[in-house]
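According to my numbering, the residues represented by the sequence shown are 2 to 405, in order.
A virtual CB, placed ideally from N, CA and C, is assigned to each residue, including glycine.
Reviewing the structure listed below.
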Amino acid sequence: MANEDLVRQVEAFMLERVIPTEQAHHHQLQAAENRWTYTPVMRELRAEAKAKGLWLFPLPVELGGRGLSLMDYAPICEIMNWCNHGPEIFNCYTGTISNSTAMNNHASEALKERYMKPLMAGDIRSCISITERNVPSSDPTDLKFDIRREGDDYVLNGVKSWATGGAMDECRFFLVLGATDVSAPRHARHTMVLVPREAAGLSLGRIETVMGYDDAPFGHCDLIFDNVRIPASNLIGKEGEGFLMMQSTLGVGRIQLGMGAIGAAERAMMEMCSWVEKRIIGGKPLVERQVVTDAIARSRIEIDACRAFIVQTARRMQEEGMKAVRGDIAQLKVMAPDVALKVLDRAMQFHGGAGLSYDTPLPEMWSHMRTVRIGEGADEVHRETIAKLELRRQAEWRAAHGRD
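Below is the structure:
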């Protein structure tokens with residue numbers, strides 16, 4: 002199937018099956034005795050998507066995916082994110098993709114068989130656990146979580162926070178990053194291990210809310226490790242290479258993050274344009290007011306400019322590698338959620354009270370996008386990276402042209 006045909010198929014599935022069932026999903030979630038598991042609607046849609054081959058788009062064919070390149074995956078990322086839980090329907094949640102990639106490249110065959118295969122089949126879910134409440138996430142090399150080798154085991158102690166998806170019943174294992182050698186160089190202190198959900202001494206702590214949303218059925222929770230003992234064979238990669246391994250999985254994730262923000266912005270545009278054409282105030286539709294058309298025009302300019310930059314970054318990453326686009330990745334991490342938040346805010350404003358309620362997906366999408374400005378490095382950290390790279394580039398240009 003040509004990629005254009007696949008894009009159209011995903012688009013049709015979103016418009017015909019996913020978006021029309023958003024309210025049913027919400028009502029089922031609110032009525033459920035257990036909110037930390039897939040709703041019946043989500044189970045049905047996941048099974049249908051898998052049967053159609055709309056599954057694990059960026060992973061290799063031999064692993065059950067579609068084997069899409071970054072460039073081919075980018076437009077699908079956008080469309081999936083017309084709905085907050087869209088990527089989950091296609092088993093393309095960012096954590097699933099990054100954890101599968103890390104395990105495929107670095108885990109033992111036994112771990113792949115026991116954990117990776119059911120993850121890719123959609124039978125279970127996983128969670129990557131990095132954040133610590135008292136350690137600034139802007140510098141993950143400073144993580145303090147203790148992973149200590151004892152004979153043929155590792156013993157884990159500490160608390161991890163904001164473990165996205167960790168509260169789900171379907172989450173059966175965690176990839177945990179912690180310090181194994183605090184005396185080593187900063188980028189060689191940390192190691193990644195796999196911890197089964199049922200490990201003795203592992204418990205769930207509090208579940209966070211973001212602007213009042215607890216993100217059920219996925220959730221962001223604390224994980225408490227009290228002398229959790231796992232076999233040394235649960236090591237992912239090598240000791241001391243956890244941080245570098247984590248960084249190596251960011252490529253697809255950052256493109257998915259950027260195009261996901263564009264998808265949210267496009268959904269906001271759909272809701273905004275539909276609303277202002279039918280909403281009558283003062284005897285005429287909102288769309289006839291210049292302030293409204295100005296907001297629509299601004300939104301379209303911002304979305305298209307941001308999308309073009311992300312696609313350009315995906316192309317360069319695909320052709321030149323991650324190192325060549327370090328600055329571009331930092332720019333899209335700042336730019337994309339900012340654009341999405343602006344467009345979502347305009348759409349919410351024109352909806353009035355309805356824009357703050359469950360009548361539309363807008364406020365929940367806004368709260369999700371707001372977290373993106375902090376997760377995986379705050380805007381300010383990425384701006385600092387951008388500035389340093391630009392200052393270096395300018396200095397090199399001056400030196401090359403004798404301008405110093």
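For Tyr74, the three-state secondary structure derived from DSSP is helix. The straight-line gap separating the alpha-carbon atoms of Gly376 and Ser138 is approximately 8 Å. DSSP, reduced to helix, strand and coil, places Gly159 within a strand of the structure shown. Taken atom to atom, the span from the alpha-carbon of Ser184 to that of Asp143 is near 12 Å.
Counting along the chain, Gly179 sits inside the beta strand (DSSP E) bounded by residues 172-180. Looking at Glu397, Leu120, Val373, the one whose alpha-carbon comes closest to that of Pro338 is Val373. Under DSSP, the beta-bridge partners assigned to His191 are Ala180.
Between the segment 223-241 and the segment 192-211 there are three or more C-beta pairs closer than 8 Å, enough to call the two in contact.
If you draw a straight line from the Cα of Arg67 to the Cα of Arg173, it comes to about 24 Å.
If you keep only unbroken alpha helix (DSSP H) runs of at least 4 residues inside the segment 224-306, you get 243-249, 251-279. A check of alpha carbon separations from Gln29 across Met43, Met323, Gly220 identifies Met43 as the nearest. Excluding five sequence positions before and after Ile225, the CB atoms of its chain that fall closer than 6 Å to its own CB belong to Val160, Ser204, Gly206, given in chain order. At the C-beta level, Phe310 and Met271 stay beyond 8 Å of one another.
Looking from the CA of Ala266, the closest CA among Glu303, Ser70, Trp37 belongs to Glu303. DSSP lists Cys222 as the beta-bridge partner residues of Ala164. Following the DSSP letters along the chain, one finds Leu392 inside the alpha helix (DSSP H) bounded by residues 380-401. Here Leu392 is exposed. Its C-beta has fewer than 16 other C-beta atoms within 10 Å. With respect to the 8 Å criterion, Thr132 and Ser162 are classified as neighbours on the basis of their beta carbons.
If you check the CB distance, Thr314 and Ile297 do not come in under 8 Å. Residue burial annotation: Ile231 is buried, with at least 16 other C-beta atoms found within 10 angstroms of its C-beta.
In the three-state scheme derived from DSSP, where H, G and I count as helix and E and B as strand, Leu205 is classed as strand. Per the C-alpha coordinates, the member of Val177, Ala48, Ala164 positioned closest to Asp147 is Val177. For Glu320, the three-state secondary structure derived from DSSP is helix. If you draw a 10 Å sphere on the C-beta of Asp223, you find 16 or more other C-beta atoms in it, and that means buried. Note that the C-beta distance between Gly261 and Asn82 is below 8 Å.
Straight through space, the alpha carbons of Leu71 and Val253 are spaced by roughly 7 Å. DSSP, reduced to helix, strand and coil, places Arg347 within a helical segment of the structure shown. Glu151 is bridged by DSSP to Asp154. Taking the CA atoms as reference points, Asp405 sits about 60 Å from Arg115. The C-alpha of Val344 lies about 43 Å from the C-alpha of Leu112. Counting every other CB atom within 10 Å of its CB across the protein chains shown gives Asn92 a total of 16 or more, marking it as buried. Residue burial annotation: Leu16 is exposed, with fewer than 16 other C-beta atoms found within 10 angstroms of its C-beta. DSSP, read as helix, strand or coil, puts Pro119 in helix.
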